[in-house]
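*Asks:* What follows is a single structure, and I will ask about it in a moment.
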Amino acid sequence: DKGNHRHFMQKEIYEQPIVVAQTLRSYLRRIDDQVSLPVPDFDLSAIRRVTIVACGTSFYAGMVAKYWFEQFARVPVDLDVASEFRYRAPVMEDGGLALFISQSGETADTLAALRHARAEGQKIAVVVNVPTSSMAREADLLLPTHAGPEIGVASTKAFTCQLAVLAALAANFARAKGRLTPEDEKAIVGHLAEAPAAMNQALAQDEAIQALAPLIAPARDVLYLGRGTDYPLALEGALKLKEISYIHAEGYAAGEMKHGPIALIDEAVPVIVIAPSGPLFEKTVSNMQEVQARGGKVVLISDEEGIEAAGEGCLATLALPKVHPLIAPMVYAVPVQLLAYHVAVLKGTDVDQPRNLAKSVTVE
Ligand code: M6R
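Numbered per the working numbering, the sequence shown spans residues 5 to 368.
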């Protein structure tokens with residue numbers, strides 16, 4: 005049932021504050037401000053390397069997690085798409101942790117990668133939305149997302165719930181590694197708890213986002229740029245736009261622009277820059293200015309502070325609430341999803357059942 009929404013995708017975008025809160029409730033203990041994960045039957049503190057494997061949007065959640073695991077727990081992380089991982093003879097030390105992320109829990113390549121990692125002596129952690137799925141059954145450490153059934157082929161609420169679980173896992177890992185003081189943990193729990201409200205504020209920008217759709221819909225190509233954890237968000241934004249509007253879109257690490265993609269820039273290629281104010285902001289802005297200097301039309305997604313500093317000369321800007329960097333990926337997911345959605349609606353495509361795509365990819 006779509007309720008009063010036109011599409012399942014729209015409904016699922018709007019459900020995010022609730023389902024992220026629901027997911028966080030099972031991983032955060034507010035009484036003593038600790039993250040609380042199911043206790044695995046292996047020693048997390050002994051894990052020396054993590055291998056993250058997933059496909060599509062779930063892979064981008066894994067990419068964000070890599071930044072977090074390395075930053076908070078100082079554990080080296082390998083990251084691969086499942087279809088590559090399986091065929092590249094990856095090196096996995098005995099007793100490493102392999103982490104699989106999947107909405108459906110049935111994606112054929114991810115499931116095969118899981119079995120391969122187990123055969124290579126890895127402990128298996130799974131972040132999955134369907135609790136009865138194959139991947140859920142085969143996990144040593146099962147970390148469910150509580151997004152509820154996701155019907156739209158384009159994944160939205162599963163992604164932000166994956167991020168919520170992965171942030172809690174990163175904090176848990178950091179604690180196990182002796183790298184998190186109780187004060188730091190309390191702060192992390194506090195930041196995560198703010199995510200649902202901030203996502204609501206992002207949803208409140210829907211009209212402004214819809215107003216951007218006519219600027220994007222006529223384009224043949226669209227680029228998305230981001231740095232740090234906004235880089236996977238740029239990739240996710242481009243994937244969403246491709247999937248449902250059929251516009252060619254690519255995401256790039258902002259700093260990579262001058263190594264090639266900037267050759268594509270002209271006034272017909274909108275460039276969506278995802279850049280919350282913060283330590284990486286200046287760097288991303290200078291990449292953005294390189295684009296503008298070549299006639300590129302920029303849509304800057306930031307907060308008031310960022311837009312104040314760098315919004316001039318942009319084709320359009322979109323102001324989100326100013327949030328802690330830890331929850332920024334969850335909050336910035338909302339406008340990239342909504343932008344793809346409105347462009348697709350404007351183009352009249354089948355938003356929930358885009359051509360050539362299946363909700364669950366059970367062939368390899
Ligand atoms: O069920 P999974 O999370 O394993 O699915 C992975 C991808 O097939 C999925 O994320 C796909 O890329 C979506 N259509 C993205 O919107």
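We treat Cβ as the ideally placed atom computed from N, Cα and C, and that holds for glycine. Here the structure is a predicted model, which is why all the values come from computation and not from measurement.
#1: Mind listing which residues have their beta carbon within less than 5 Å of any non-hydrogen atom of the ligand M6R? Chain order is fine.
#2: Mind reading off the beta-carbon distance from A143 to V130? Whole number of angstroms is fine, and I expect it under 8 Å.
#3: Would you list the one or two residues that DSSP bridges to I276?
#4: Short of 7 Å in beta carbon distance, which residues of its chain neighbour H120, apart from the five on each side in sequence? Order them along the chain.
#5: What are the residues that DSSP puts in a beta bridge with D369?
#6: By Cβ distance, which residues of its chain are closer than 8 Å to L1, with the 5 residues on each side in sequence left out?
#7: Under the three-state reduction of DSSP, which class applies to V365: helix, strand or coil?
#8: Start and end of the beta strand (DSSP E) containing P148?
#9: Just verifying my parser: in three-state terms, what is the DSSP assignment at H252?
#10: Can you list the beta strand (DSSP E) stretches of 3 or more residues lying completely in the region 117 to 141, in chain order?
#11: Determine the direct distance from the alpha carbon of S49 to that of H252, and round the result to whole angstroms.
#12: So, helix, strand or coil for T114, using DSSP?
#13: Cα-Cα, which of T55, A217 and H150 is closest to K127?
#14: Reducing DSSP to helix, strand and coil, say where S106 ends up.
#15: Judging by CA-CA distance, which residue of L268, E368 and P283 is the nearest neighbour of G299?
#16: Is L361 closer than 9 Å to E240 when the C-beta atoms are compared?
#17: Would a C-beta distance cut-off of 9 Å place A151 and D225 closer than the cut-off?
*Replies:* Based on what the coordinates show:
#1: This selection yields C59, G60, T61, S62, S106, Q107, S108, T111, A158, S159 and V365.
#2: For this step, residue 143 is matched to residue 139 along the sequence shown. For this step, residue 130 is matched to residue 126 along the sequence shown. Rounded, the Cβ-Cβ distance is 4 Å, consistent with contact.
#3: Reading the sequence shown from its first residue, position 272 is the one you call residue 276. According to DSSP, which records beta bridges pairwise, I276 is partnered with Y228 and V303.
#4: As a first step, residue 120 is located in the sequence shown; it is residue number 116 there, counting from the start. Here the set comprises R90.
#5: Lying outside 5 to 368, the shown extent of the chain, residue 369 is not represented and no answer is given.
#6: The requested residue 1 does not occur in the structure, where the chain is confined to residues 5 to 368.
#7: What you label residue 365 is simply residue 361 of the sequence shown in a count that begins at 1. If DSSP states are grouped into helix, strand and coil, V365 belongs with coil.
#8: As a first step, residue 148 is located in the sequence shown; it is residue number 144 there, counting from the start. Taken as a continuous stretch (DSSP letters only), the beta strand (DSSP E) holding P148 covers L145 to P148.
#9: By 1-based counting over the sequence shown, the position of residue 252 is 248. It is a strand residue.
#10: 127 to 132
#11: To locate residue 252, count along the sequence shown from 1; it is residue 248. To locate residue 49, count along the sequence shown from 1; it is residue 45. Near 43 Å, if we compare the C-alpha coordinates of S49 and H252.
#12: Here residue 114 refers to the residue found at position 110 when the sequence shown is read from its first residue. Residue state, collapsed to three classes: helix.
#13: Position 123 of the sequence shown, counted from the first residue, corresponds to residue 127. If we check each option's Cα against that of K127, T55 comes out closest.
#14: Here residue 106 refers to the residue found at position 102 of the sequence shown. Looking at S106 - three-state DSSP - the assignment turns out to be strand.
#15: By 1-based counting over the sequence shown, the position of residue 299 is 295. Answer by Cα proximity: L268.
#16: To locate residue 240, count along the sequence shown from 1; it is residue 236. To locate residue 361, count along the sequence shown from 1; it is residue 357. Against a cut-off of 9 Å, the Cβ pair of L361 and E240 comes out as no contact.
#17: The residue labelled residue 151 in the question sits at position 147 within the sequence shown. The residue labelled residue 225 in the question sits at position 221 within the sequence shown. Against a cut-off of 9 Å, the Cβ pair of D225 and A151 comes out as no contact.
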